[in-house]
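Count the sequence shown with our numbering and you get residues 13 to 167, in order. Ideal Cβ placement from N, Cα and C applies to all residues, glycine included.
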Amino acid sequence: MGLSNADLIAIAGIVVALIIYWVNKKETKKALEEVVKQLGGVSPPVPTKELLKELESLKTNLAKERFGRAKELSVRGTERLEAEKYEEAIQDLEEVLKILPEGSEASLSVHFNLGIALIKFPRGNRESNLKKAIASYRKILSSHTTGKTPERYAS
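Encoded structure:
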């Protein structure tokens, strides 16, 4: 879809010809007529319906790639958490949260694991790590309200 290389070359040629004619200031009307004539040979634009279909396909493919990346990072982050590689786990889990929709069940699970990693991480600024862990747990708690998830609110 879109313009072919031949179309782009034809358009570039037309533009160059137009510039030359304008610079030389001769036969402007004739030059414009020639441009219109040459543009008639360029492929028509992609119909809107086809363009929208292609964009939807790209959106779906990007969503699949993002989901795949989130899944990969989540699994790796959890494995690193279990292996007590907290710094790497924190990096992976924070990256997952950049991908997942906020408030989704998946993001809440990641927040839970991130909180654990931050609490157990022995290096770095302990106070800062604990504040980040608390913030992760608050995100989980704030999503389980009586209005949003009454069945999970009391559990």
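Open item on the list: Mapping the DSSP letters down to three states, classify F133 as helix, strand or coil.
Closed with: coil
Task: 9 Å Cβ cutoff met for N125 and G89 - done: Yes, Cβ-Cβ distance for N125 and G89 is below 9 Å.
Open item on the list: So, with DSSP's three-state summary, where would you put H123?
Closed with: Assignment of H123 by DSSP, reduced to helix, strand and coil, places it in the helix class.
Open item on the list: Using a 10 Å radius around the Cβ and a threshold of 16 neighbouring Cβ atoms, would you call I102 buried or exposed?
Closed with: buried
Task: Burial state of R92 (16 or more Cβ within 10 Å) - done: Result: buried.
- [ ] Count the other CB atoms, across all protein chains shown, that sit within 10 Å of the CB of G127; report buried if there are 16 or more and exposed otherwise.
- [x] buried
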